Amino acid sequence: MIQVCSRCGTRWNVRDRERQVCPRCQGTLMAPSAPPTPGAEWSARQARPGSAGAPPRLPAGYRWIAVRPGAPPPPRARRRPLGPTPRYPTIPRWGLVEHFDTVDPSATQTRTGPSGSAVRMTLLITMGVLGAAAAMHALRYLLLLINRTVLLSPIVAGVATWLGVALSVVAAFLVVGSIVLMTNWLIARRGAAYGYHGQSDPRDALRLRLGCLVPFVNLFFAPVYVLELAGVESRMSTLRKPIIVWWILWVLSTVVSVFSIATSFATDPQGIADNTMVTTIAYLMALAALLVAYRVVSGFDQAPASRPVHRWVMVPDDAPAAQPDGQSARPVECSGQNPAA
């Protein structure tokens, strides 16, 4: 029975007695392994079919070790010491350098439009002219009723007719100017609102102008643009109802105005009187629509109630602290007695 030293590799024939310590180097002896018996190749275990390709079984105490083919790899180079920690008498000037690119100020200017006060002033003037035109057409309708029984003076009839026409032309120009001014204000306001949130307006200026200035198309797109602006500025809770009311009045005013234009070609007295009444109602509807539009513009210009105007911070109290008096305000002992310990 052979035992191999795990330290020096010496093979010792220990015969039938197992040993633990190597006699030469005092190392640990591995488990004993018996020499192969003669005739073992003819044993029943070796004669089994299908076991000819199996790897040979190692003796007890041995194991297989995978070794790469070829020459052994070169030894690893030892890292040299890094040395002491560097010290600097002053702050180092090397490192990340921050470069500031010069930006053209003209390229960074945001789109500016008319102010809210200018829009409100224009709306007030337009509402005044619309009110005057409605009053003039109501007076003209009253004169038509009087003319059924009494013949009017040509001067009165001419003044009432041409003054109504003049006010109608001025009102038409002012309404168109108000729509253009409100469109420019809406474009600038949307650009500023989206720019405040670090975004760009998803709708370009050309699309906004087409959606606000093209007749009959603006009835569907312009209020949507205003609702989007209210959502960006977090004013939807306060301006949703005025915008919806303005939208409805604008549609009704457009319908009545189209009907008034369609009936303006009447030549009979009753047709002229009916057209005068419809035109008066159209001016009043336009006046109501502009009045609600004025309310919407004012709602955008005023500060929201949910946003505080002042921010309260803690500051030290500069007032001198009151020095405590050495004696109590009201003695608890009777007169002539010392205070209790």
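Just so you know, we're using full-length UniProt numbering here: the sequence shown kicks off at 1 and counts up by one. For each residue, glycine too, the CB sits at the ideal point set by N, CA and C. Note that the coordinates shown come from a computational prediction; the quantities given were computed from them, not determined experimentally.
When the beta-carbon positions are compared, proline 32 and valine 14 come within less than 8 Å of each other. With contacts defined as CB atoms closer than 8 Å, glycine 113 and isoleucine 187 qualify as a contacting pair. Going by beta carbons, isoleucine 281 and valine 245 fall outside the 8 Å limit. Closest by C-alpha distance to valine 156, out of Ala77, Leu139, Lys241 and Ala171, is Leu139. CA-to-CA, the gap between leucine 82 and histidine 99 works out to about 33 Å. Listed in chain order, the non-local C-beta contacts of threonine 279 below 7 Å within the same chain comprise His137 and Ser260, local neighbours out to five positions each way being set aside. Shown here for leucine 284: same chain residues with a beta carbon closer than 7 Å to its own, the five before and five after excluded, namely Ala134 in chain order.
Between the beta-carbon of leucine 219 and that of threonine 254 there is about 6 Å, and that keeps the pair under the 8 Å contact cut.
In the DSSP assignment, isoleucine 2 falls within the unbroken beta strand (DSSP E) covering 2-4.
Using a Cβ distance threshold of 8 Å, valine 175 and proline 242 do not count as a contacting pair. The Cβ-Cβ distance between leucine 123 and serine 168 does not fall below 8 Å. Taking every protein chain shown into account, the CB of threonine 276 has 16 or more other CB atoms within 10 angstroms, so this residue is buried. Taking C-beta separations shorter than 7 Å and ignoring five residues to either side along the sequence, the partners of serine 200 in its chain run Tyr194, following chain order.
In the three-state scheme derived from DSSP, where H, G and I count as helix and E and B as strand, threonine 276 is classed as helix. Under the three-state reduction of DSSP, threonine 90 is assigned to coil, being neither helix nor strand.
Taking C-beta atoms under 8 Å as the contact rule, arginine 189 and leucine 229 qualify, at a distance of about 6 Å. Under the rule that a run must span 4 or more residues, the alpha helix (DSSP H) segments found entirely inside the stretch 93-171 read 116-146.
Judged by their CB atoms, arginine 120 and serine 264 are not nearer to each other than the 8 Å cut-off. In this chain, arginine 209 is not harboured by any beta strand (DSSP E); it is covered by the alpha helix (DSSP H) spanning 205-213. The alpha carbon of threonine 28 has as its nearest neighbour, out of Arg11, Thr267, Pro84 and Arg7, the alpha carbon of Arg7. From the listed residues Tyr294, Gly131 and Ile146, the smallest Cα separation to alanine 171 is found for Gly131. Collapsing the DSSP output to three states places valine 21 in a strand. With contacts defined by Cβ atoms closer than 8 Å, leucine 290 and methionine 127 form a contacting pair.
Tryptophan 12 is bridged by DSSP to Gln3.
Taking the CA atoms as reference points, phenylalanine 173 sits about 18 Å from tyrosine 294. In summary, tryptophan 64 is exposed, with fewer than 16 beta-carbon neighbours lying within 10 Å of its beta-carbon over all protein chains present.
Excluding the 5 residues flanking it on each side, glycine 158 has no same chain C-beta neighbour closer than 6 Å.
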